[in-house]
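Colleague: Quick one: the structure is below, and I'll ask about it shortly.
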Amino acid sequence: SDFVGIVTTDGKALYVNRAGRKMVGIGVDEDISRLTVADFHPAGAMEAMKKSVLAAAARDGVWQCENTLLSRTGREIPVSQVIIAHHAADGAVEYFSTIMRDISERIGMETRLLESREKLDEIMRSLDDVVWSVSPETHAVIYQSPAAEKVYGFPAQAFNDNPNLWAEVVHPDDFQRVRPFLDELLAKGELEMEYRILRADGEVRWLHDRARVIYAADGQPLRFDGIASDVTVRHQAEEKLRKLSRVIENI
Numbered sequence: 129s130d131f132v133g134i135v136t137t138d139g140k141a142l143y144v145n146r147a148g149r150k151m152v153g154i155g156v157d158e159d160i161s162r163l164t165v166a167d168f169h170p171a172g173a174m175e176a177m178k179k180s181v182l183a184a185a186a187r188d189g190v191w192q193c194e195n196t197l198l199s200r201t202g203r204e205i206p207v208s209q210v211i212i213a214h215h216a217a218d219g220a221v222e223y224f225s226t227i228m229r230d231i232s233e234r235i236g237m238e239t240r241l242l243e244s245r246e247k248l249d250e251i252m253r254s255l256d257d258v259v260w261s262v263s264p265e266t267h268a269v270i271y272q273s274p275a276a277e278k279v280y281g282f283p284a285q286a287f288n289d290n291p292n293l294w295a296e297v298v299h300p301d302d303f304q305r306v307r308p309f310l311d312e313l314l315a316k317g318e319l320e321m322e323y324r325i326l327r328a329d330g331e332v333r334w335l336h337d338r339a340r341v342i343y344a345a346d347g348q349p350l351r352f353d354g355i356a357s358d359v360t361v362r363h364q365a366e367e368k369l370r371k372l373s374r375v376i377e378n379i
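Using the working numbering, read the sequence shown as starting at 129 and increasing by one per residue.
Here's what the structure looks like:
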């Protein structure tokens with residue numbers, strides 16, 4: 129299924145195998161003696177080959193790269209390519225041979241993955257909750273969603289730079305209760321907890337943290353994933369209700 133070809137040092141086609149002919153739309157018995165390297169590549173790719181690729185292959189003996197083939201229908205085909213320079217006894221290059229593999233499927237998969245990642249990033253940016261993931265071994269932050277800046281008052285990157293920041297922002301009165309959170313999570317597999325934090329500006333906020341252990345196929349902990357929701361408004365409402373209840377009781 130790979131394209132195999134041979135060209136002279138000035139780029140004239142000498143041989144293209146059956147799979148290569150099929151790839152670019154050349155007939156099985158078609159004469160290729162008038163074709164050159166330029167007939168197999170779009171203009172931009174051809175310029176790069178003239179300037180550096182063939183020269184590098186001649187110098188080093190072999191060159192690997194990603195390139196683009198051009199079919200007779202005008203379709204551009206992304207390929208991985210190996211070019212080999214074949215030398216005569218005096219050291220001069222006699223001809224070049226090449227093997228090219230169609231990587232359209234891989235490129236398409238990478239494109240789809242990138243699009244999926246971009247969509248996921250858009251969703252994460254729209255959330256008010258903080259989605260987080262940490263290493264079970266080092267407790268280093270693997271991922272922290274953009275909402276972290278809104279909730280904690282620190283940029284998400286700050287938690288990557290300082291793995292202890294999540295503990296440092298816990299309210300002093302709740303610290304002893306929250307400190308074993310990750311150890312308890314590892315032991316139980318799932319855990320929920322509410323506690324206060326001190327934002328970068330000093331404001332006190334209440335968080336509801338829900339987390340679970342993600343396991344690898346061999347049963348070993350792979351990471352801790354969680355969602356931290358700002359429940360300050362709820363706590364403020366509950367406090368108002370408690371105060372109102374005390375007032376009513378004293379009437």
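Where is the CB? At the ideal position from N, CA and C, for every residue including glycine.
(1) May I have a chain-ordered list of the beta strand (DSSP E) segments no shorter than 3 residues that lie completely inside the stretch 284-348?
(2) Can at least three beta-carbon pairs, one atom from the stretch 229-245 and one from the stretch 254-264, be found at a separation below 8 Å?
(3) Going by Cα to Cα distance, which pick from Ala216, Thr226, Ile270 and Arg324 is closest to Val144?
(4) Does the beta-carbon distance from Asp302 to Arg327 come in below 7 Å?
(5) What do you reckon, is the C-beta of Ile251 under 6 Å from a heavy atom of the ligand GDP?
(6) Counting only runs of 4+ residues fully inside the stretch 140-227, write out the alpha helix (DSSP H) ranges in chain order.
(7) Measure the C-alpha to C-alpha separation of Leu248 and Val190 and round it to an integer number of angstroms.
(8) With a CB to CB cut of under 7 Å and the five nearest residues on each side skipped, what residues in its chain are close to Ile160?
(9) Do the stretch 178-198 and the stretch 206-219 touch if we need at least three Cβ pairs shorter than 8 Å?
(10) How would you label Gln272, buried or exposed, when you count the other beta carbons within 10 angstroms and need 16 or more for buried?
(11) Below 8 Å on the Cβ atoms is my contact criterion, and I expect Asp337 with Met321 to pass it. Report the Cβ-Cβ distance as a whole number of Å.
(12) Looking at the structure shown, is Ser232 part of a helix, part of a strand, or coil, going by DSSP?
(13) Is it right to say Tyr343 is buried, meaning 16 or more other beta carbons lie within 10 angstroms of its own, or is it exposed?
(14) Can you tell me which of Val361, Pro206, Ala171 and Leu255 puts its alpha carbon nearest to the alpha carbon of Asp230?
(15) Could you please give the first and the last residue of the uninterrupted beta strand (DSSP E) stretch that includes Val135?
(16) Kindly list the residues whose CB is nearer than 7 Å to the CB of Ala286, restricted to its own chain and excluding five residues on each side of it in sequence; keep chain order.
(17) Report yes if the C-beta distance between Val279 and Asp358 is below 7 Å; otherwise report no.
(18) In whole angstroms, what separates the C-alpha of Arg351 from that of Glu367?
(19) DSSP state of Asp249, grouped into three classes?
(20) Inspect the beta-carbon positions of Phe168 and Leu197 and report whether they are closer than 7 Å.
(21) Below 8 Å on the Cβ atoms is my guess for Leu314 versus Pro349; work out the distance and round it to an integer in Å.
(22) What span of residues does the beta strand (DSSP E) with Val262 cover, start to end?
(23) Put Ser273 into one of helix, strand or coil per three-state DSSP.
(24) With a threshold of 16 other CB atoms inside 10 Å of the CB of Ala73, please say whether the residue is buried or exposed.
(25) For Pro300, which residues from the same chain have a beta carbon less than 7 Å from its beta carbon, with the 5 sequence-adjacent residues on both sides left out?
(26) Could you tell me the alpha carbon to alpha carbon distance between Ala275 and Asp257, rounded to whole angstroms?
Modeller: On the basis of the supplied data:
(1) 318-326 and 332-343
(2) no
(3) The sequence position of residue 144 within the sequence shown is 16, counting from 1. That would be Thr226, whose Cα lies nearest to the Cα of Val144.
(4) Indexing the sequence shown from 1 puts residue 302 at position 174. Indexing the sequence shown from 1 puts residue 327 at position 199. Their beta carbons are not under 7 Å apart, which means Asp302 does not touch Arg327 by this criterion.
(5) For the structure depicted, the ligand GDP is absent and the ligand set is empty, with no information on it obtainable.
(6) 146-152, 171-176 and 182-188
(7) Numbered from 1 along the sequence shown, position 120 holds the residue referred to as residue 248. Numbered from 1 along the sequence shown, position 62 holds the residue referred to as residue 190. So the alpha carbons of these two residues sit roughly 41 Å apart.
(8) Taking the sequence shown and counting its residues from 1, one reaches residue 160 at position 32. For Ile160, where only same-chain residues beyond five positions count, the Cβ hits under 7 Å are Ala141, Val144 and Ile154.
(9) yes
(10) Position 144 of the sequence shown, counted from the start, is the residue given in the question as residue 272. Result: buried.
(11) Translated into positions along the sequence shown, residue 337 becomes position 209. Translated into positions along the sequence shown, residue 321 becomes position 193. Sure, about 5 Å apart at Cβ, within 8 Å.
(12) Start at 1 with the first residue of the sequence shown, and residue 232 comes out as number 104. Three-state DSSP puts Ser232 in a helix.
(13) Position 215 of the sequence shown, counting from 1, holds the residue named residue 343. Counting Cβ neighbours within 10 Å, Tyr343 comes out exposed, since fewer than 16 surround it.
(14) Taking the sequence shown and counting its residues from 1, one reaches residue 230 at position 102. Residue Pro206 is the option with its Cα nearest to Asp230.
(15) On the sequence shown, residue 135 is found 7 positions in, with the first residue counted as 1. That run of the beta strand (DSSP E) goes Phe131 to Thr136.
(16) On the sequence shown, residue 286 is found 158 positions in, with the first residue counted as 1. Same-chain partners within the cutoff: Leu293.
(17) By 1-based counting over the sequence shown, the position of residue 279 is 151. By 1-based counting over the sequence shown, the position of residue 358 is 230. Taking 7 Å as the Cβ cut-off, Val279 and Asp358 qualify as a contacting pair.
(18) The sequence position of residue 351 within the sequence shown is 223, counting from 1. The sequence position of residue 367 within the sequence shown is 239, counting from 1. Rounded to the nearest angstrom, the two C-alpha atoms are 36 Å apart.
(19) As a position in the sequence shown, residue 249 is number 121, starting the count at 1. Reduced to three states, the DSSP call for Asp249 is helix.
(20) Along the sequence shown, one-based indexing puts residue 168 at 40. Along the sequence shown, one-based indexing puts residue 197 at 69. Yes, the Cβ-Cβ distance between Phe168 and Leu197 is below 7 Å.
(21) For the purposes of this step, residue 314 is taken as the residue at position 186 of the sequence shown. For the purposes of this step, residue 349 is taken as the residue at position 221 of the sequence shown. Indeed they touch by this definition, with Cβ atoms about 6 Å apart.
(22) Start at 1 with the first residue of the sequence shown, and residue 262 comes out as number 134. First-last of the beta strand (DSSP E) with Val262: Val258 to Val262.
(23) What you label residue 273 is simply residue 145 of the sequence shown in a count that begins at 1. Here Ser273 sits in coil by DSSP.
(24) Beyond the ends of the chain as shown, which are 129 and 379, falls residue 73; an answer cannot be given.
(25) Residue mapping note: residue 300 aligns to position 172 of the sequence shown, counting from 1. Nothing listed; no residue qualifies.
(26) In the sequence shown, the residue the question calls residue 275 occupies position 147. In the sequence shown, the residue the question calls residue 257 occupies position 129. Going by the C-alpha atoms only, they are around 6 Å apart.
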